[in-house]
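Engineer: If you use this note's numbering, the sequence shown closes out at 150, no skipped numbers anywhere.
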Amino acid sequence: MLDAQVAKEFAKAFAIGVGSIGPALGVGLIGSRAMEAIGRNPESANTLFVPMLLGMAFAEAIAIYALVVTFIL
Numbered sequence: 078m079l080d081a082q083v084a085k086e087f088a089k090a091f092a093i094g095v096g097s098i099g100p101a102l103g104v105g106l107i108g109s110r111a112m113e114a115i116g117r118n119p120e121s122a123n124t125l126f127v128p129m130l131l132g133m134a135f136a137e138a139i140a141i142y143a144l145v146v147t148f149i150l
C-alpha cells in the first residue's frame, strides 16, 4: 500500500515526465524544419534564425512550467 509521500513523489515524476515530452518534440521539430529550410535556401539563414529561437524559447517555457509545478508539488 502506498503512503502519501510515495504517491507525491510519483506525481512529481509523472508531472515533469509528461510535461517535458511536448516541448522536447516541439524543439526538435522546430530545429529540424529550420535546418531543412536553410538547407534548401541558404540565404534565408539570417531571416530564419530569430523566429527559430523564439519558437524554441516558447516551447521550452512549457517545460519550465512543468518544472515549477513539480517543485510546487
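Glycine residues also receive a C-beta, built at the ideal position from the N, C-alpha and C atoms.
Is L144 helix, strand or coil by DSSP?
Structural biologist: L144 falls in the helix class under three-state DSSP.
Engineer: Does the count of Cβ pairs from the stretch 78-93 and the stretch 125-136 closer than 8 Å reach three?
Structural biologist: Contact fails: fewer than three Cβ-Cβ distances are below 8 Å.
Engineer: Evaluate the contact criterion for the stretch 113-125 versus the stretch 134-149: three or more CB pairs, one atom per stretch, below 8 Å.
Structural biologist: Flag = no, the stretch 113-125 and the stretch 134-149 do not touch.
Engineer: If you follow the alpha helix (DSSP H) that P100 is in, where does it begin and where does it stop?
Structural biologist: Note, P100: alpha helix (DSSP H), 81-117.
Engineer: For L150, which three-state DSSP category applies?
Structural biologist: DSSP places L150 in coil when its eight states are reduced to three.
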